[in-house]
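I have placed the structure first, in the form of C-alpha coordinates, so that the comments after it can refer back to it.
Numbering (the working numbering), first residue to last: 416 to 649.
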(Lines of atoms letter the chains of each structure in order from A and count residues from 1; the text may use other names and numbers.)
(Lines give C-alpha, C1' and ligand atoms only; values in the text may rest on other atoms or scores of the structure.)
Protein backbone atom coordinates (compact mmCIF):
# COMPACT_ATOMS: atom_id res chain seq x y z
CA UNK A 1 0.00 0.00 0.00
CA UNK A 2 2.84 2.37 0.87
CA UNK A 3 4.48 1.65 -2.49
CA UNK A 4 1.20 2.40 -4.30
CA UNK A 5 0.77 5.66 -2.37
CA UNK A 6 4.33 6.78 -3.14
CA UNK A 7 3.82 5.93 -6.81
CA UNK A 8 0.64 8.01 -6.94
CA UNK A 9 2.37 10.97 -5.26
CA UNK A 10 5.27 10.74 -7.72
CA UNK A 11 2.84 10.59 -10.64
CA UNK A 12 1.00 13.70 -9.43
CA UNK A 13 4.28 15.59 -9.02
CA UNK A 14 5.45 14.62 -12.50
CA UNK A 15 2.15 15.59 -14.12
CA UNK A 16 2.11 18.91 -12.24
CA UNK A 17 5.66 19.63 -13.35
CA UNK A 18 4.80 18.87 -16.97
CA UNK A 19 1.76 21.15 -16.87
CA UNK A 20 3.80 24.08 -15.55
CA UNK A 21 6.68 23.45 -17.98
CA UNK A 22 4.47 23.41 -21.07
CA UNK A 23 4.74 26.32 -23.47
CA UNK A 24 1.99 28.92 -23.31
CA UNK A 25 0.30 29.68 -26.63
CA UNK A 26 -1.94 32.63 -27.49
CA UNK A 27 -5.26 31.31 -28.76
CA UNK A 28 -6.10 31.83 -32.41
CA UNK A 29 -2.81 33.59 -33.17
CA UNK A 30 -0.13 32.88 -35.77
CA UNK A 31 3.07 34.86 -36.31
CA UNK A 32 4.22 34.89 -39.92
CA UNK A 33 7.07 36.61 -41.71
CA UNK A 34 7.18 36.80 -45.48
CA UNK A 35 10.36 36.92 -47.51
CA UNK A 36 11.14 40.56 -48.19
CA UNK A 37 11.82 39.95 -51.86
CA UNK A 38 8.21 38.78 -52.34
CA UNK A 39 6.85 42.22 -51.32
CA UNK A 40 3.74 40.75 -49.68
CA UNK A 41 1.42 43.00 -47.66
CA UNK A 42 -1.63 41.96 -45.66
CA UNK A 43 -4.15 44.80 -45.75
CA UNK A 44 -7.21 44.40 -43.56
CA UNK A 45 -8.08 40.75 -44.07
CA UNK A 46 -6.83 40.58 -47.65
CA UNK A 47 -3.45 40.22 -49.31
CA UNK A 48 -2.08 42.83 -51.71
CA UNK A 49 -0.50 41.90 -55.00
CA UNK A 50 -0.81 38.66 -56.91
CA UNK A 51 -0.28 36.30 -54.01
CA UNK A 52 -3.19 33.96 -54.59
CA UNK A 53 -1.76 31.09 -52.57
CA UNK A 54 -1.42 33.18 -49.41
CA UNK A 55 -4.87 34.73 -49.92
CA UNK A 56 -6.43 31.29 -50.27
CA UNK A 57 -4.91 30.10 -46.98
CA UNK A 58 -6.09 33.17 -45.07
CA UNK A 59 -9.58 33.10 -46.56
CA UNK A 60 -9.97 29.35 -46.06
CA UNK A 61 -9.23 29.70 -42.36
CA UNK A 62 -11.32 32.88 -41.93
CA UNK A 63 -8.63 35.43 -41.04
CA UNK A 64 -10.32 37.99 -38.80
CA UNK A 65 -7.54 40.42 -38.01
CA UNK A 66 -3.89 41.29 -38.45
CA UNK A 67 -1.27 43.55 -36.92
CA UNK A 68 2.18 44.49 -38.18
CA UNK A 69 4.88 43.61 -35.66
CA UNK A 70 7.43 46.36 -35.11
CA UNK A 71 8.52 48.36 -38.13
CA UNK A 72 8.82 45.32 -40.38
CA UNK A 73 6.08 45.38 -43.05
CA UNK A 74 6.64 41.68 -43.70
CA UNK A 75 6.11 40.43 -40.13
CA UNK A 76 2.50 39.94 -38.98
CA UNK A 77 0.47 38.75 -36.03
CA UNK A 78 -2.60 37.06 -37.53
CA UNK A 79 -5.83 36.31 -35.66
CA UNK A 80 -8.13 33.42 -36.56
CA UNK A 81 -11.33 32.08 -34.97
CA UNK A 82 -10.66 29.61 -32.16
CA UNK A 83 -12.42 26.95 -34.23
CA UNK A 84 -9.59 26.98 -36.79
CA UNK A 85 -6.63 24.59 -36.52
CA UNK A 86 -3.47 26.64 -36.01
CA UNK A 87 -1.33 23.62 -36.86
CA UNK A 88 -3.03 23.33 -40.25
CA UNK A 89 -2.62 27.06 -40.93
CA UNK A 90 1.05 27.03 -39.93
CA UNK A 91 1.83 23.94 -42.01
CA UNK A 92 0.21 25.48 -45.09
CA UNK A 93 2.06 28.77 -44.63
CA UNK A 94 5.38 27.00 -44.08
CA UNK A 95 4.92 25.02 -47.29
CA UNK A 96 4.60 28.24 -49.31
CA UNK A 97 7.95 29.42 -50.68
CA UNK A 98 6.98 33.06 -50.09
CA UNK A 99 6.99 32.52 -46.31
CA UNK A 100 10.21 32.89 -44.31
CA UNK A 101 8.68 31.34 -41.19
CA UNK A 102 5.36 30.80 -39.42
CA UNK A 103 4.78 29.83 -35.80
CA UNK A 104 2.42 30.06 -32.85
CA UNK A 105 2.75 33.03 -30.52
CA UNK A 106 4.25 31.28 -27.54
CA UNK A 107 6.60 31.78 -24.65
CA UNK A 108 8.00 30.03 -21.64
CA UNK A 109 7.34 30.78 -18.02
CA UNK A 110 10.13 31.05 -15.49
CA UNK A 111 8.89 28.93 -12.60
CA UNK A 112 10.34 30.97 -9.74
CA UNK A 113 12.06 34.18 -8.77
CA UNK A 114 15.87 34.20 -8.83
CA UNK A 115 17.63 32.67 -5.84
CA UNK A 116 20.21 35.47 -5.69
CA UNK A 117 20.35 36.64 -2.01
CA UNK A 118 19.90 40.34 -2.83
CA UNK A 119 17.08 39.87 -5.35
CA UNK A 120 14.51 41.09 -2.82
CA UNK A 121 16.33 44.43 -2.65
CA UNK A 122 16.21 44.92 -6.43
CA UNK A 123 12.76 46.53 -6.44
CA UNK A 124 13.49 48.50 -9.61
CA UNK A 125 13.40 45.33 -11.72
CA UNK A 126 9.73 44.83 -10.89
CA UNK A 127 9.08 48.42 -12.00
CA UNK A 128 10.39 47.64 -15.50
CA UNK A 129 8.59 44.26 -15.64
CA UNK A 130 11.88 42.42 -15.88
CA UNK A 131 10.50 39.03 -14.72
CA UNK A 132 8.04 39.15 -17.65
CA UNK A 133 10.91 39.98 -20.01
CA UNK A 134 12.81 36.95 -18.70
CA UNK A 135 9.94 34.81 -19.97
CA UNK A 136 11.06 35.88 -23.45
CA UNK A 137 14.84 35.90 -23.03
CA UNK A 138 17.40 35.96 -20.22
CA UNK A 139 20.25 37.23 -22.39
CA UNK A 140 22.33 36.19 -25.38
CA UNK A 141 26.01 35.29 -25.19
CA UNK A 142 26.41 36.51 -28.78
CA UNK A 143 25.68 40.06 -27.62
CA UNK A 144 28.68 42.01 -26.31
CA UNK A 145 27.86 44.98 -24.05
CA UNK A 146 30.52 47.68 -23.90
CA UNK A 147 30.65 49.60 -20.59
CA UNK A 148 32.55 52.91 -20.40
CA UNK A 149 33.25 53.44 -16.73
CA UNK A 150 35.83 53.26 -13.92
CA UNK A 151 36.84 49.66 -14.66
CA UNK A 152 35.62 46.23 -13.58
CA UNK A 153 36.54 43.65 -10.96
CA UNK A 154 36.88 40.81 -13.44
CA UNK A 155 37.48 38.29 -10.65
CA UNK A 156 34.15 39.07 -8.99
CA UNK A 157 32.29 35.82 -8.24
CA UNK A 158 29.02 37.15 -9.66
CA UNK A 159 30.59 38.55 -12.84
CA UNK A 160 33.50 36.34 -13.82
CA UNK A 161 31.39 33.98 -15.96
CA UNK A 162 29.90 36.85 -17.96
CA UNK A 163 32.99 38.91 -18.81
CA UNK A 164 34.68 38.86 -22.20
CA UNK A 165 37.86 36.78 -22.37
CA UNK A 166 39.69 39.93 -23.49
CA UNK A 167 38.31 41.96 -20.51
CA UNK A 168 38.41 45.24 -22.44
CA UNK A 169 40.82 48.18 -22.47
CA UNK A 170 42.24 50.58 -19.90
CA UNK A 171 42.68 54.04 -21.44
CA UNK A 172 44.23 55.31 -18.20
CA UNK A 173 47.28 53.04 -18.33
CA UNK A 174 46.90 52.15 -22.00
CA UNK A 175 46.73 48.38 -21.54
CA UNK A 176 44.19 45.55 -21.54
CA UNK A 177 43.82 45.43 -17.76
CA UNK A 178 40.71 47.50 -16.91
CA UNK A 179 40.65 46.47 -13.24
CA UNK A 180 38.32 48.61 -11.13
CA UNK A 181 40.35 50.82 -8.72
CA UNK A 182 37.84 50.05 -6.00
CA UNK A 183 36.87 52.63 -3.41
CA UNK A 184 38.70 55.36 -5.32
CA UNK A 185 35.71 55.33 -7.68
CA UNK A 186 33.26 53.49 -5.38
CA UNK A 187 33.45 50.40 -7.64
CA UNK A 188 31.11 52.22 -10.00
CA UNK A 189 32.11 50.29 -13.12
CA UNK A 190 31.74 46.97 -11.34
CA UNK A 191 28.31 47.91 -9.99
CA UNK A 192 27.07 49.07 -13.40
CA UNK A 193 28.35 45.84 -14.95
CA UNK A 194 26.51 43.91 -12.25
CA UNK A 195 23.22 45.59 -13.12
CA UNK A 196 23.73 44.53 -16.72
CA UNK A 197 25.10 41.03 -16.44
CA UNK A 198 25.69 39.73 -12.92
CA UNK A 199 25.06 35.99 -13.08
CA UNK A 200 21.38 35.36 -12.30
CA UNK A 201 19.90 32.55 -10.22
CA UNK A 202 23.31 31.36 -8.96
CA UNK A 203 22.81 31.81 -5.20
CA UNK A 204 25.31 34.70 -5.28
CA UNK A 205 24.92 38.45 -4.87
CA UNK A 206 22.45 40.18 -7.18
CA UNK A 207 20.57 39.33 -10.36
CA UNK A 208 21.71 40.95 -13.60
CA UNK A 209 19.25 42.10 -16.25
CA UNK A 210 20.91 39.88 -18.86
CA UNK A 211 22.79 37.62 -16.45
CA UNK A 212 21.34 34.40 -17.83
CA UNK A 213 19.40 31.66 -16.10
CA UNK A 214 20.65 28.68 -18.06
CA UNK A 215 23.73 29.68 -20.03
CA UNK A 216 22.05 32.43 -22.09
CA UNK A 217 23.59 35.68 -20.94
CA UNK A 218 25.05 38.96 -22.13
CA UNK A 219 28.84 39.43 -22.14
CA UNK A 220 30.57 42.50 -20.67
CA UNK A 221 33.51 44.29 -22.33
CA UNK A 222 34.89 47.07 -20.09
CA UNK A 223 36.38 50.31 -21.41
CA UNK A 224 38.10 52.12 -18.53
CA UNK A 225 37.95 55.87 -19.11
CA UNK A 226 40.51 58.52 -18.21
CA UNK A 227 37.88 60.69 -16.55
CA UNK A 228 34.80 59.87 -14.54
CA UNK A 229 32.34 61.82 -12.43
CA UNK A 230 32.84 60.56 -8.89
CA UNK A 231 30.72 63.20 -7.10
CA UNK A 232 27.84 65.31 -8.31
CA UNK A 233 26.05 68.38 -6.93
CA UNK A 234 22.60 69.75 -7.56
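Beta carbons: idealized from backbone N, C-alpha and C, even for Gly.
Cβ shell of residue i (< 7 Å), same chain only, five flanking positions each side left out
i           : result
residue 489 : 448, 449, 451, 455
residue 496 : 443, 477, 479
residue 469 : 455, 462, 511, 513
residue 579 : 559, 634, 635, 636
residue 561 : 636, 638
residue 516 : 448
Per DSSP, cross-strand counterpart(s) of residue i
i           : result
residue 585 : 590, 639
residue 621 : Note: residue 621 sits in no beta bridge, so no partner.
residue 563 : 638
residue 446 : 492, 518
residue 578 : 635
Close Cβ partners of residue i (< 8 Å) along its chain, the five nearest in sequence each way excluded
i           : result
residue 499 : 443, 476, 477
Nearest-angstrom Cβ-Cβ length linking residue i and residue j, presumed shorter than 8 Å
i           : j           : result
residue 441 : residue 520 : 4 Å
Same chain, Cβ closer than 6 Å to residue i, five either side skipped, listed in chain order
i           : result
residue 504 : 445, 476
residue 467 : none
Legend entry - Continuous alpha helix (DSSP H) assignments of at least 4 residues falling wholly in the region 475 to 546: 501 to 509, 538 to 542
Inset, instruction - Evaluate the contact criterion for the region 605 to 622 versus the region 569 to 587: three or more CB pairs, one atom per stretch, below 8 Å. - result: With three or more CB-CB distances shorter than 8 Å, the region 605 to 622 counts as touching the region 569 to 587.
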